[in-house]
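This report refers to the structure that appears directly beneath it.
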Amino acid sequence: MSSPVDPVRVWTALSLIPEGKVVTYGQLAELSGSPRSARVVGNILKQLPAGSHLPWHRVINSKGHISFPQGSSQYAKQRTRLEAEGVALVAGKINLSLYRWQGE
DNA sequence: CTGTTGACCAAAT
DNA sequence: TATTTGGCCAACA
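Shown next as structure tokens:
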């Protein structure tokens, strides 16, 4: 029994992530009601309009890394936004046990 | 229809 | 500890 991924639920869950906290793609998938759809969530984020106010930068992968190639403008953007809200990267990596959002 | 791809993940090697 | 492998789901050719 598989439920399709509803982009609206992803956007909603995303909007609830507090400043200074992060979630993984897999976690956002389960918060959206589709526990096995981490990759699909990534695709949905990719398709967000440029002007979106949603905190897409608070989503990282399970290793604590930003899922963009280092040196890309997107990587720089995400990193800058994270650090601006107090999320530190040590050796390019975020400490999940410290910054991961524990849900509501 | 089959095969490939991807802002992913966890287990096995 | 580092890589590879297999699984996942949706979109696309």
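The opening position of the first sequence corresponds to residue 20 in the numbering used here, with each subsequent residue numbered one higher. In this text, a Cβ means the ideal position worked out from N, Cα and C, and glycines have one as well.
Touching or not, the region 49 to 57 and the region 22 to 29, by the rule of three or more beta carbon pairs under 8 Å?
yes
Pick out whichever of Arg55, Glu102, Gln89, Gln46 has its Cα sitting closest to the Cα of Ser81.
Gln46
Applying the 10 Å Cβ sphere with the 16-neighbour rule, what's the burial state of Gly39?
exposed
In the DSSP output, which residue or residues are listed as bridge partners for Lys42?
The sequence given here has Val at residue 42, not Lys. Looking at the DSSP assignment, Val42 forms a beta bridge with Val78.
Between which two residues does the alpha helix (DSSP H) holding Arg62 run?
Checking the sequence, you will find Asn at residue 62 rather than Arg. Run containing Asn62: 57 to 65, per the alpha helix (DSSP H) assignment.
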